[in-house]
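J.: Numbering (numbering that gives the first Met the number 0), first residue to last: 0 to 169.
No residue lacks a Cβ here, since even glycine has one placed at the ideal position from N, Cα and C.
Take a look at this one; I'll ask things after.
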Amino acid sequence: MNKKDSQKVHFMAQASMIAAIYTALTLALSPVSYGPVQFRISEALCILPYFTPAAVPGLFLGCLISNGIGAAMGTTVALDMIFGSLATLIGALGSRAVRKKRWLVCIPPILSNTIIVPWVLRYAYGSPDMIPFMMLTVGIGEVLAVGVLGNILLAMLERYKGRIFRQMAV
0 MNKKDSQKVH FMAQASMIAA IYTALTLALS PVSYGPVQFR ISEALCILPY
50 FTPAAVPGLF LGCLISNGIG AAMGTTVALD MIFGSLATLI GALGSRAVRK
100 KRWLVCIPPI LSNTIIVPWV LRYAYGSPDM IPFMMLTVGI GEVLAVGVLG
150 NILLAMLERY KGRIFRQMAV
């Protein structure tokens, strides 16, 4: 196998592992991961684009799979599956874009979910709450999941990044 093929396999393996971890965390904590009011601890993984570009598709696929399983269980609806996953994708792309400034990495996922998810709650679930109120509640959950837990995870992983995340020429 040549170096380019090896890098592609490594990229796909990393993305797949991140998707699996996101899905496993979401499902293991399903009572708080689904529905109109949620605290998705798996969103802490949205700091991973700081370390590897493979985290972007990995997070998106993990969220899409989690929301698909949620839809099959009857805890999410199609609009949430689509737009909730897109919110995670936008946040992951933003995190990757600002990776040179470590302290900014958690901001894009917080903002994308705070802006997009309340509209999903309104139109997918018919939530009667006001959009600004839902932005506040979703924002608080994202600040706790990504801002607090994500930054703790980032600090822990940064110590071992040479061992965990091989530098890739992507």
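With distance defined between alpha-carbon atoms, name the residue in Cys-62, Gly-90, Ala-91, Tyr-49 nearest to Ala-77.
T.: Cys-62
J.: Note the first and the last residue of the continuous alpha helix (DSSP H) segment covering Thr-25.
T.: 2–27
J.: Going by beta carbon distance, what residues of the same chain come within less than 8 Å of Leu-153, once the five residues before and after it are set aside?
T.: Ile-46, Tyr-49, Arg-101, Val-104, Cys-105
J.: Work out the CA separation of Leu-44 and Leu-26 for me, nearest whole Å.
T.: 15 Å
J.: Could you give the first and the last residue of the continuous alpha helix (DSSP H) run that contains Tyr-122?
T.: 106–124
J.: For the structure I just gave you, are there three or more beta carbon pairs, one from the segment 85–95 and one from the segment 54–68, closer than 8 Å?
T.: yes
J.: Ordered along the chain, which non-local residues of its own chain (more than five positions away) have a Cβ less than 7 Å from that of Leu-24?
T.: Ile-40, Ser-41
J.: Would Gly-93 pass as a contact of Pro-117 if the rule is Cβ separation under 9 Å?
T.: no
J.: Among Ser-5, Met-134, Ser-65, Ile-81, which one has its Cα closest to the Cα of Pro-30?
T.: Ser-65
J.: Go ahead and pull the three-state DSSP assignment for Asp-128.
T.: coil
J.: When DSSP labels each residue in this structure, what does Arg-95 get in the three-state scheme?
T.: helix
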